[in-house]
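Worksheet: one structure, shown below.
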Amino acid sequence: MIVTYTHADYPALKALLSEKGLRDVSQMLSVQIQSKLKSTEIPEVRGGVDIKIGTVYYVLSNMRVVQCSMPDPSLVFVEGTGVSVEVSQLTLAINGNWATQFGIIHDGGSFDLAVYNIHVYTLLQLADDAGRLSITTVQCSANVGDVNIQFHGGASIFFKPFISAFSGQISEMIREKICPAIQQAIIGLETTLQEIPVNIPVGQYISLSIPLTSSPAVTEQSFELDIKGEFYSRSSPSEPPFSASVFDVPYAENYMLSVAASEFLVNSAAYAFLSSGALQINITDDMIPKISPIHLNTSQFGAFVPQLRTLYPNMEMQVLLYASETPLFSFSSGVIDIHVPAAAKFSAVKPDGTLVPLFRLDVDGSFSGSARIDQNLTGAFQLKNLTLTLGSSEIGDFKTDTLEQMAVMAVKMFVLPKLDGKKSLNGIGFVAIFTDVQDSLTGL
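In our numbering, the protein residues as written are 2 to 445.
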């Protein structure tokens, strides 16, 4: 994930399907094609055969595909267009009923029809339709090899040789049905794609926007999707004060699918959380474990801020801890840097519950580490820097050195273990990081 030029319309998410991945798609497509062919309705076939002494009229009815076998289709990327699908040696087995009439003579029974060596070629175009992936059929052709018919039942053997004369008509009828069946399968897939939402709610506060930013890029080796990949606040959506940057996904032939994200994806989530008011927490003394050596009251905090014991003796305290600006993630080769600007507003709590503003501490923290994806998203982070400065005070100046040392200890004990913990990939892993950090603020 390498940052170069900056442009507001660059995607923050990319997905690249390789030839190896296309082979896996081929297996799934084989199942779809067979399923669609088996459900294809075959209409009645009616006609007549001239036997010199008159015409034998026939009807083939109740035809259904009972078996369909085929090797996996051959899928090939077609540069600038999409994917070609070629099916060879497709075989169909069809059951049905036959009936004949010659004057007042009627006969009938059942038949088994086998169609061999069907060859199908289809060219699919991949495009962008209002931010969604679109698949359409631009070319389809089908050829039928051999047809074999076995008739059963009926008392008149005399008519059976003449019925085989219309095998060519049956062959042509089947050939005409194959491409429409494939077309229907593609239309069904296209309908499913168009129903995929381009805005996905992620938890209570934010949503993820995932429309395509451009038409799919198809080369002879791969198929690449450029996806917006931007988080928005659900309550007050707005654009962040930074933009996405261009980046590339290297082609890896040994992998079926490669997915990459730029730092804009993560930073837009941070901005969305900030805009939603989610990156703040009110900390009261009842949230502090009883075994903690320090509690939120002016008596104990008086050891760090001497004025508290004199101005507001024996009073409980409350802290509003919040991100003062958007936390920013920066990606470089193998390293993730996180900068977290925050602030903590301390207040005294009067017996009637009224808050008395005391002072504000400005917090500037930075972390560095790495992340790894296997079945979960895991990280290994360390604290690079944490500084506390007195932003404002209603009780006069005081030194923050001791408070800063305590804050560093608290981050190492409570925040870092949360950052390094496993995040399930069933959801958005790094979104869980923000939740963990928020929970950790209580411990801090």
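Glycine included, every Cβ here is placed at the ideal spot set by N, Cα and C.
Cβ pair Glu173, Tyr122 closer than 8 Å: The residue labelled residue 173 in the question sits at position 172 within the sequence shown. The residue labelled residue 122 in the question sits at position 121 within the sequence shown. Not closer than 8 Å, so no.
Contact the segment 34-45 vs the segment 237-255: 3+ CB pairs below 8 Å: Three or more Cβ pairs closer than 8 Å define a contact, and the segment 34-45 falls short of that threshold against the segment 237-255.
Endpoints, the beta strand (DSSP E) within which Val199 is located: The residue you call residue 199 lines up with position 198 of the sequence shown. Run containing Val199: none; DSSP gives neither H nor E here.
C-alpha distance - Val341 paired with Ser70, whole-angstrom precision: Position 340 of the sequence shown holds residue 341. Position 69 of the sequence shown holds residue 70. Between Val341 and Ser70, the C-alpha separation is close to 60 Å.
Length of the line joining the Cα atoms of Ser369 and Asp338: The sequence position of residue 369 within the sequence shown is 368, counting from 1. The sequence position of residue 338 within the sequence shown is 337, counting from 1. Taking the straight line from one Cα to the other gives about 4 Å.
Supposed close pair Val336, Ser371 - CB separation, criterion 8 Å: The residue given as residue 336 occupies position 335 in the sequence shown. The residue given as residue 371 occupies position 370 in the sequence shown. That pair is a contact at about 6 Å.
Alpha-carbon spacing of Thr92 relative to Ala115, whole angstroms: Residue mapping note: residue 92 aligns to position 91 of the sequence shown, counting from 1. Residue mapping note: residue 115 aligns to position 114 of the sequence shown, counting from 1. C-alpha separation (whole angstroms): 7 Å.
Of the residues Asn200, Ser246 and Leu297, the one placed nearest Gln319, counting alpha carbons only: Residue numbering aside, residue 319 sits at position 318 when the sequence shown is read from its first letter. Ranking Asn200, Ser246 and Leu297 by Cα distance to Gln319 puts Leu297 first.
The beta strand (DSSP E) enclosing Pro342, as first and last residue numbers: As a working note, residue 342 is residue 341 in the sequence shown. Its beta strand (DSSP E) spans residues Val336 to Val350.
Simplified DSSP assignment, three categories, for Lys413: Counting from 1 along the sequence shown, the entry for residue 413 is found at position 412. DSSP places Lys413 in helix when its eight states are reduced to three.
Endpoints, the beta strand (DSSP E) within which Gly451 is located: As displayed, the chain neither begins before 2 nor continues past 445, which places residue 451 out of reach and without an answer.
Extent of the continuous alpha helix (DSSP H) run through Tyr272: For the purposes of this step, residue 272 is taken as residue 271 along the sequence shown, with counting starting at 1. Per DSSP, Tyr272 belongs to the alpha helix (DSSP H) from Glu264 to Ser276.
First and last residue of the uninterrupted alpha helix (DSSP H) at Gly169: Along the sequence shown, one-based indexing puts residue 169 at 168. Segment Ser168 to Gln195, the alpha helix (DSSP H) holding Gly169.
Span of the alpha helix (DSSP H), counted from its first residue to its last, around Thr311: Counting from one through the sequence shown, the residue named residue 311 turns up at place 310. Secondary structure note for Thr311: its alpha helix (DSSP H) is the uninterrupted segment Gln308 to Leu312.
Where the beta strand (DSSP E) through Phe224 begins and ends: For the purposes of this step, residue 224 is taken as the residue at position 223 of the sequence shown. Boundaries of the beta strand (DSSP E) around Phe224: Ser223 to Ile228.
Reduced DSSP secondary structure (H/G/I, E/B, other) of Gln301: Taking the sequence shown and counting its residues from 1, one reaches residue 301 at position 300. Helix at Gln301.
Stretch pair the segment 204-218 + the segment 56-69: three plus CB contacts closer than 8 Å: no
Residue nearest to Ala128 in terms of C-alpha spacing, selected from Asn98, Val416, His120 and Glu80: Stepping through the sequence shown from its first residue, residue 128 is reached at position 127. From the listed residues Asn98, Val416, His120 and Glu80, the smallest Cα separation to Ala128 is found for Glu80.
Residue nearest to Asn255 in terms of C-alpha spacing, selected from Ser367, Leu17 and Lys21: Indexing the sequence shown from 1 puts residue 255 at position 254. Cα-wise, what sits closest to Asn255 is Lys21.
DSSP state of Lys400 mapped onto helix, strand, coil: On the sequence shown, position 399 is the one that residue 400 refers to. If DSSP states are grouped into helix, strand and coil, Lys400 belongs with coil.
Straight-line gap, Ser300 to Tyr323 (C-alpha atoms, nearest Å): The count along the sequence shown starts at 1 and reaches residue 300 at position 299. The count along the sequence shown starts at 1 and reaches residue 323 at position 322. The alpha-carbon atoms of Ser300 and Tyr323 are separated by roughly 24 Å.
C-alpha distance - Leu362 paired with Phe305, whole-angstrom precision: The residue labelled residue 362 in the question sits at position 361 within the sequence shown. The residue labelled residue 305 in the question sits at position 304 within the sequence shown. Looking at the two C-alpha atoms, the distance is approximately 13 Å.
Continuous beta strand (DSSP E) stretch holding Asn377: start and end: In the sequence shown, residue 377 corresponds to position 376, counting from 1. Taken as a continuous stretch (DSSP letters only), the beta strand (DSSP E) holding Asn377 covers Asn377 to Ser394.
Three-state secondary structure (DSSP) of Pro238: Sequence index remark: in the sequence shown, residue 238 carries index 237 (1-based). Note: Pro238 maps to coil in three-state DSSP.
Cβ contact check for the segment 342-353 and the segment 377-386: 3 or more pairs under 8 Å: no
Inter-residue spacing [alpha-carbon to alpha-carbon] between Val357 and Ser246: Counting from one through the sequence shown, the residue named residue 357 turns up at place 356. Counting from one through the sequence shown, the residue named residue 246 turns up at place 245. For Val357 and Ser246, the distance between alpha carbons rounds to 45 Å.
As assigned by DSSP and simplified to three states, the class of Ala408: Within the sequence shown, the letter at position 407 stands for residue 408. Correct three-state label for Ala408: helix.
Simplified DSSP state of Lys15, which is helix, strand or coil: For the purposes of this step, residue 15 is taken as residue 14 along the sequence shown, with counting starting at 1. Correct three-state label for Lys15: strand.
Same chain, Cβ closer than 6 Å to Tyr272, neighbours up to 5 away in sequence not counted: As a first step, residue 272 must be located in the sequence shown, where it is residue number 271. Taken in chain order, the residues that qualify are Pro241 and Thr327.
Among Cys180, Ser208, Arg176 and Thr101, nearest to Ile34 - alpha-carbon criterion: Here residue 34 corresponds to residue number 33 of the sequence shown, with the count starting at 1. Of Cys180, Ser208, Arg176 and Thr101, the residue nearest in Cα terms is Cys180.
Sub-8 Å separation of Ser234 and Ile207 beta-carbons: For the purposes of this step, residue 234 is identified with residue 233 of the sequence shown, where counting begins at 1. For the purposes of this step, residue 207 is identified with residue 206 of the sequence shown, where counting begins at 1. Cβ distance < 8 Å, so Ser234 and Ile207 count as in contact.
Nearest candidate by alpha-carbon position, reference Pro314, set Ser168, Ser348, Lys291 and His107: Counting from 1 along the sequence shown, the entry for residue 314 is found at position 313. It is Ser348 whose Cα lies nearest to the Cα of Pro314.
Segments assigned beta strand (DSSP E), at least 3 residues, entirely inside the segment 72-98: Along the length of the segment 72-98, whole beta strand (DSSP E) runs at least 3 residues long occupy 75-79, reported in chain order.
Inter-stretch contact at 8 Å, needing at least 3 Cβ pairs: the segment 102-116 / the segment 134-151: yes
Sequence-distant residues of its chain with Cβ nearer than 7 Å to Gln90 (five each side left out): As a working note, residue 90 is residue 89 in the sequence shown. Met71, Pro72 and Asn118, listed in sequence order.
8 Å Cβ cutoff met for Lys346 and Leu321: By one-based count along the sequence shown, residue 346 stands at place 345. By one-based count along the sequence shown, residue 321 stands at place 320. Their beta carbons are under 8 Å apart, which means Lys346 touches Leu321 by this criterion.
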